[in-house]
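So the sequences go chain by chain: A and W.
Note that this note's numbering has the first sequence beginning at 622, numbered continuously upward.
Note that this note's numbering has the second sequence beginning at 622, numbered continuously upward.
Inspection log for the structure reproduced underneath, given as structure tokens.
There are 2 protein chains.
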Amino acid sequence: METIRNFDQLTGHIINNGKVKRIAVACPHDSHSADAIKLASERGIATFTLFGDEAKMRSLGCFDNLPVTMVNEPDIDKAAALAVKAIKDGEADILMKGSINTDNILKAILNKEHGILPKGNVLSHVTVMEVPGREKLIFMSDVAVIPYPNFEQKQQMIKYVLKCCRDFGIERPKIGLIHFTEKVNPKFPNSTDYVQLVEMANKGEFGDCVLDGPIDVRTAFDEETARIKGINSPLGGDADGLIFPNIESGNVFYKTMTYFCRAEIAGVVLGAQCPVVIASRGDSRVSKYSSIALACTIS
Amino acid sequence: METIRNFDQLTGHIINNGKVKRIAVACPHDSHSADAIKLASERGIATFTLFGDEAKMRSLGCFDNLPVTMVNEPDIDKAAALAVKAIKDGEADILMKGSINTDNILKAILNKEHGILPKGNVLSHVTVMEVPGREKLIFMSDVAVIPYPNFEQKQQMIKYVLKCCRDFGIERPKIGLIHFTEKVNPKFPNSTDYVQLVEMANKGEFGDCVLDGPIDVRTAFDEETARIKGINSPLGGDADGLIFPNIESGNVFYKTMTYFCRAEIAGVVLGAQCPVVIASRGDSRVSKYSSIALACTIS
């Protein structure tokens, strides 16, 4: 397949692919979610079943002439449970949260009896970023779900980022394991974790890919910086993806890029039976739509 | 005084001020340091005493017609110790490192007998950033020296950032205490530290200033984001300075801004008897010169 290099290409890719995904949404009571659902329906990339307060949903005036199904359940926790049940019963391919807190939808996902997290799986968030003027996307984890990933969680984060890269047509993704320096120092366990992860990658445990770290954000993207520092990084300043050592650094990258560089982002939680779209209130309409399109591409 | 809004104004401010600072440099054996020293000498903002391998320094061909004094000491640790001694003896106002590792210059600063760290002082790094298109500078700590600041260190970082802001003519600096969300949660001790620090600020313990946190980077700079999130931040999206919770997040901000936004940076270590310029190899010539000018402004 051709590599998807921006969010516009993403929509075309899904439509050409011909597989219309079914999305179960919990509580789309806000106009931002409703707009994104409307756009995705109109463009024909997905069909929707909306679980929530029907009166609130109808009052948004977005869904009138669209092929969406509504299930009236005014209680938000019950609505979340119903959306999760739709996934469990094979009636939907993707889960999405509307205007309920992330904690509430996670509770439904993690529920031991009725949830959709396979035993032993790690839930983690992958963000895809489109930067104006940049000729390809940036994939990263985890800016939202795992605060301080341990070694096992870092492995999963790498696997999820690689999966997304490959589903976007990048055959040999290049991933930077982010630290504040390229020096390895046992005082900073992230740096020694990274050494082990790079060894695993070199043995082929993550499939065809290039992993390098510890490396700083600039060196991951700029060959000139690597040259000045005397670092011979296999990324060659051409990273596709980034693994962040903690939620603070991931969040700073994401917020800095969206504000100062007008980057657009799409995000999805992986690890459950299906991708979960948990776009937040602060996200733009474009971002919410792109998150839906991202989930459709990788599910 | 008029507020200094970019690095160009900084040079004019120092020259108008009329106080030429004396800088002791350890091992300026590289062309980047030499260029910056040359520029600062030519512009008349400082005089220099260079401690290092005289043959190496002369071979750079930069210092021939400049008012610099050279002290030949080929051993780098001894050269660092001599530069520190110049500060201790009152013969210089600012310490600067050339091409020796930060660890080596810190060792000389921290030396119990011959060092220049007053007992109980916290060493911390302050970065000043000029972003193309932005109408004022951004001050921040700590992207380089303190990896995981405790409560006491956070207080000092705030004081150092405030001092720099005020020396640049900002009467009531606005400082954002950076976290990945605005929510306070005891599971994340940074967020509870921040609540206490804001209380201290509100009692006037940091002088005239506005502190807000926990807050994310975007919300610190963008009133619209704050509005969408329903946050009434006293920063009003107009932060002058940022305090980072760890070195990874600070480093990500600094590297992201210099690479993606072409920001220029100046940096200085505070807490010792004098400001210490520890610009690194990867820094540009402009950045090294601006770091010298920064140190001249706040010493």
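All C-beta atoms in this analysis are idealised placements derived from N, C-alpha and C, irrespective of residue type, glycine included.
Quick one: which residues of the region 838 to 857 of chain W get their C-beta closer than 7 Å to a C-beta of chain A? List them in chain order.
V838, R839, F842, D843, T846, I849, K850
Same chain, Cβ closer than 6 Å to S812/A, neighbours up to 5 away in sequence not counted:
H800, V805, N806, P835
Alpha carbon to alpha carbon, what distance is there between A657/W and G790/W?
25 Å
Whole-angstrom Cβ separation of V752/W and G888/W, contact assumed at under 8 Å?
With a Cβ gap of about 15 Å, V752/W and G888/W do not count as contacting.
Name the one or two DSSP bridge partners that A887/A has.
V749/A
Among residues of its own chain, excluding the 5 on either side of I767/A, which ones have a beta-carbon nearer than 6 Å to its beta-carbon?
S745, Q774
Determine the contact status of G858/W and F842/W, defining contact as a CB-CB distance below 8 Å.
yes
Where does I864/W sit, in a helix, a strand or coil, going by DSSP?
strand
Does I721/W get closer than 8 Å to chain A when you measure Cβ to Cβ?
no
I849/A versus Q894/A: straight-line alpha-carbon distance, rounded:
45 Å
Of all Cβ atoms in chain A, is any one closer than 8 Å to the Cβ of I868/W?
yes
Inter-residue spacing [alpha-carbon to alpha-carbon] between S680/W and D651/W
10 Å
Any 3 or more C-beta pairs closer than 8 Å across the region 702 to 711 of chain A and the region 733 to 744 of chain A:
yes
Quick one: what's A647/W bridged to in DSSP?
F672/W, K718/W
Minimum length 3: unbroken beta strand (DSSP E) runs contained in the region 805 to 843 of chain A:
831 to 836
Min CB distance K876/W to chain A below 8 Å:
yes
Leaving aside the five residues before and after R626/A along the sequence, list all residues of the same chain whose C-beta is less than 8 Å from its C-beta, in chain order.
E756, K757, L758
Can you tell me the Cα-Cα spacing of I721/A and I864/W, whole angstroms?
31 Å
Is S757/A helix, strand or coil by DSSP?
The question names Ser, yet the displayed sequence has Lys at residue 757/A. Of the three classes helix, strand and coil, the one that applies to K757/A here is coil, per DSSP.
Does DSSP classify M622/W as helix, strand or coil?
coil
Backbone CA spacing between I919/W and D788/W [nearest angstrom]:
6 Å
Cutoff 8 Å: V873/A Cβ touching any chain W Cβ
yes
So, do the region 623 to 640 of chain W and the region 777 to 784 of chain A have three or more beta carbon pairs nearer to each other than 8 Å?
no
Quick one: residues in its chain with C-beta nearer than 6 Å to the C-beta of F772/W, no 5 flanking neighbours on either side, listed in chain order?
D814
Own chain residues within Cβ distance below 7 Å of Y910/W, not counting five before or after
A657, L660, A661
Which one of N638/A, T624/A, G633/A, A645/A has the shortest CA to CA distance from P896/A?
A645/A
Best match in S870/W, H653/W, G682/W, D714/W for proximity to Y769/A [C-alpha to C-alpha]:
S870/W
Contacts of I799/A in chain W (Cβ-Cβ under 8 Å)
E869, V873
With a cut-off of 8 Å, does the C-beta of Y880/A fall near any C-beta of chain W?
yes
Run through DSSP, which three-state label would T938/A get?
Shown here, chain A extends from 622 to 920; a query on residue 938/A therefore has no answer.
Looking only at its own chain, which residues have a Cβ that is under 8 Å from the Cβ of E885/A, when we skip the five neighbours before and after it?
F628, M750, E751, T879, S905, V907, S908, S911
Looking at the structure shown, is K795/W part of a helix, part of a strand, or coil, going by DSSP?
strand
Output needed for T723/W: all residues of its chain with C-beta closer than 6 Å, excluding positions within five of it in sequence on either side, in chain order.
I899
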